[in-house]
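Participant: Take this structure first; my questions come after.
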Amino acid sequence: MKKPSLNALLLATLGLFAFSVIFSVTAVETALLLTLALLLAWKYREGSLSGLRPALTGHPLFAPWMLYLAVCLLTSATAYYPLKGLGQLNSDFLKYVCLFTLLLAVKKEHLPGLSAVYAAAAAVSALFGVFEAVRPVLSGDGILARAGVFMNAVRYGEAMTIAFLLILSRLLLPSKESFKRERLLYALAAAPVFAAIVFSQTRGAYLGAIAGILAIFFFAPQARRRLTVYMALMLAAAVVLGTAAPVFKNRLSAMLTIRQGDFSENPQNIGINVRIELWKVGYKMFKAHPVLGVGPDNIKRVFKKYHPEPFPEEEVYGTLNNLYVHQAAERGILGVAALLLLFVSMFLFALKRFKASNSPYALWALCALPAFYVVNITEISFQHVHTAFAIFLALAFAAAAEEEKG
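Written out as structure tokens, the structure is:
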């Protein structure tokens, strides 16, 4: 029996990454480390290990990442509790390793297969998520649950949003011949993944999906006619679901009728008011330490110092439910500036790749990034594997994409 080649093994670990990023932090991190090991083994066998350094340092995202990591190190060393801050560096560095491993490992010939695996995984998860949400109604309880397969509903809605934007990109730009054989997969995956976003009842995911769709409309004029049809279908589906289950409409209307400081047991409003209160705490931390912040992973340790009175739902929070406020509190103006530079650099890279390739894979990165930036207004999704690793996969797809011939 012939042994599989390193290229075949590398494709297998990338496939495991694309599938498991929807489901399991442990599995996707294992897949990442296996991919890195195989990539290094391949480069060693080819005698091209020395080429990794210029490939890394010459990449347009290298300098923004180095600056971001340097600020992470500085703010960790000056934190209230430096050991906690330095412990956070593992997570920051792992994100860097993930992105650049994918950028080096993913090749253009991998894209159709990896795209199909990722979309199929999202569809499978979506089917479970929708069933999870409607099961109480089917059993007679009459209460629609929030979808969230193996993660909380908010993270699930965000992960499904990123996956949906890949599916939408593949449907909007079906130019490759290979896509003709795959079109049914994406057409079948679109409905359950969109439904999973809706049933997650995650307002941030709703707004993120809108931001991603608007990005497609603005940056991909060749897709506007087809996109308009899909938008009409999505709007019709949302209206039907909102009529059948008022909980969806109520969650959206709650954003327009909030009363700050109201922490009564109103499930539609309390989440918004808790976030507003957390943002105020974050501003106090930033105001007290505007340059370097209180330190990465230090918010929970110093929370009572800045909010001594009882806090609703939980006594102490370790996250401020807004990445930008969170980074300002943890790492000061230096941290926010480094983060925004990194985010702008990633978007400009995706935009450049789409302009060069006109590829659905590059379009995915171009529309997923604005969605990602929007969901981080109400969460710290950049800190979470399910969402951050999926975004890095999109950037790797964009980097590997070549011009699609119609």
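Take the sequence shown: its position 140, counted from the start at 1, is 893 in my numbering, and no numbers get skipped. Note that beta-carbon positions come from the ideal geometry of N, C-alpha and C, so glycine has one too.
1. Give the straight-line distance between the Cα atoms of Lys796 and Gly804, rounded to the nearest whole angstrom.
2. Closer than 8 Å by C-beta to Leu924: which residues in its own chain qualify, once you throw out the five before and the five after it? Chain order, please.
3. Between Thr783, Ala1152 and Val1128, which has its C-alpha nearest Thr699's C-alpha?
4. Any chance you could list the beta strand (DSSP E) runs of at least 3 consecutive residues sitting entirely within the region 902-930, in chain order?
5. Check Tyr1114 in the structure and name its three-state DSSP category.
6. State the DSSP-derived secondary structure class of Ile950, mapped to helix, strand or coil.
7. Helix, strand or coil: how does DSSP classify Asp845 here?
8. Roughly how many whole angstroms lie between the Cα atoms of Glu911 and Asn905?
9. Among Arg908, Ala1141 and Glu1030, whose alpha-carbon lies nearest the alpha-carbon of Gly882?
10. Going by beta-carbon coordinates alone, are His863 and Leu764 separated by less than 8 Å?
11. Just the C-alpha distance for Ile1029 and Ala949, rounded to the nearest angstrom, thanks.
12. Just verifying my parser: in three-state terms, what is the DSSP assignment at Pro1063?
13. Within 10 angstroms of the Cβ of Phe952, are there 16 or more other Cβ atoms? Answer buried if so, exposed if not.
14. Any idea if Pro889 is buried or exposed, counting beta-carbon neighbours within 10 angstroms, 16 or more meaning buried?
15. If you follow the alpha helix (DSSP H) that Asn1026 is part of, which residue opens it and which one closes it?
16. Using 8 Å as the Cβ pair cut-off and three pairs as the minimum, do the region 1104-1123 and the region 1070-1090 touch?
17. Just curious, the alpha helix (DSSP H) that Leu1073 is in, first and last residue?
18. Helix, strand or coil for Pro813, going by three-state DSSP, please let me know.
19. What does the alpha-carbon distance come out to for the pair Ile920 and Val870?
20. Relative to the C-alpha of Ala858, which candidate in Ser922, Ala761 and Ala816 has its C-alpha closest?
21. Closest to Phe776 by C-alpha separation, out of Ala874, Tyr834 and Thr828, would be which residue?
22. Please report the straight-line C-alpha distance between Lys1158 and Val887, rounded to a whole angstrom.
23. Drop a sphere of 10 angstroms on the beta-carbon of Leu1045, count the other beta-carbons inside from all chains shown, and report buried for 16 or more, exposed for fewer.
24. Do you know offhand how far Gln1080's Cα is from Gly840's?
25. Which same chain residues end up closer than 7 Å to Lys1037 when comparing Cβ atoms and leaving out the 5 residues on each side of it in sequence?
26. Since Ala1154 and Ser1098 should fall inside the 8 Å C-beta cutoff, what is the C-beta to C-beta distance between them, to a whole number of angstroms?
27. If you draw a straight line from the alpha carbon of Gly1035 to that of Ala816, how long is it in whole angstroms?
28. Quick one: grab the DSSP three-state call for Pro1049.
29. When you compare each of Ala1041, Ala998, Ile1144 and Leu918 to Ile963 by their alpha carbons, which one comes out closest?
30. If we count the other Cβ atoms within 10 Å of its Cβ and call it buried at 16 or more, is Lys848 buried or exposed?
31. Since Lys796 is in the alpha helix (DSSP H), which residue starts that stretch and which ends it?
32. If distances are taken between C-alpha atoms only, which option among Leu836, Ser868 and Phe853 comes closest to Leu769?
33. List the endpoints of the continuous alpha helix (DSSP H) containing Asn760.
34. In whole angstroms, give me the CA-to-CA distance for Leu1087 and Phe1039.
Facilitator: Reading off the structure:
1. Each residue's Cα considered, the two are about 9 Å apart.
2. The residues are Arg936, Tyr939, Ala940, Ala943, Arg979 and Tyr983.
3. Residue 699 cannot be examined here, being either before or after the span of the chain that is shown, 754 to 1159.
4. Complete beta strand (DSSP E) runs here, min 3: none at all.
5. Helix, per DSSP.
6. DSSP places Ile950 in helix when its eight states are reduced to three.
7. Correct three-state label for Asp845: helix.
8. Between the alpha carbons of Glu911 and Asn905 lies a distance of about 10 Å.
9. Nearest of Arg908, Ala1141 and Glu1030 to Gly882, Cα basis: Arg908.
10. With respect to Leu764, His863 sits close: the two C-beta atoms are nearer than 8 Å.
11. Distance between the alpha carbons of Ile1029 and Ala949: 27 Å.
12. Three-state result, Pro1063: coil.
13. Result: buried.
14. By the neighbour-count rule (16 or more Cβ atoms within 10 Å), Pro889 is not buried but exposed.
15. Counting along the chain, the unbroken alpha helix (DSSP H) around Asn1026 starts and ends at Ile1023 to Ala1041.
16. Judged by Cβ distances under 8 Å, the region 1104-1123 makes no contact with the region 1070-1090, as fewer than three pairs qualify.
17. Annotation: Leu1073 is outside any alpha helix (DSSP H) and is labelled neither H nor E by DSSP.
18. Three-state result, Pro813: coil.
19. Cα to Cα, Ile920 sits roughly 11 Å from Val870.
20. Taking only the C-alpha atoms, the option nearest Ala858 is Ala761.
21. The shortest C-alpha to C-alpha distance from Phe776 to any of Ala874, Tyr834 and Thr828 is the one to Ala874.
22. Because the pLDDT of Lys1158 is 44, which lies under 50, any placement of that residue in the model is unreliable, and the number read from its coordinates should be weighed accordingly. Between Lys1158 and Val887, the C-alpha separation is close to 43 Å.
23. By the 16-neighbour rule on beta-carbons within 10 angstroms, Leu1045 is buried.
24. If I take the Cα positions, the gap works out to 16 Å.
25. For Lys1037, where only same-chain residues beyond five positions count, the Cβ hits under 7 Å are Tyr1059.
26. By a beta-carbon distance limit of 8 Å, Ala1154 does not contact Ser1098. Their separation comes to about 18 Å.
27. Cα-Cα distance, rounded: 28 Å.
28. The DSSP-derived three-state label of Pro1049 is coil.
29. Looking at the Cα atoms, Leu918 is the closest of the given residues.
30. Lys848 is buried by the Cβ-count criterion.
31. For Lys796, the enclosing alpha helix (DSSP H) covers residues Val778 to Glu799.
32. Checking every option, the nearest Cα to that of Leu769 belongs to Ser868.
33. It spans Leu759 to Ser773 - the alpha helix (DSSP H) in which Asn760 sits, taken as one unbroken run.
34. Leu1087 and Phe1039: Cα-Cα distance of roughly 11 Å.
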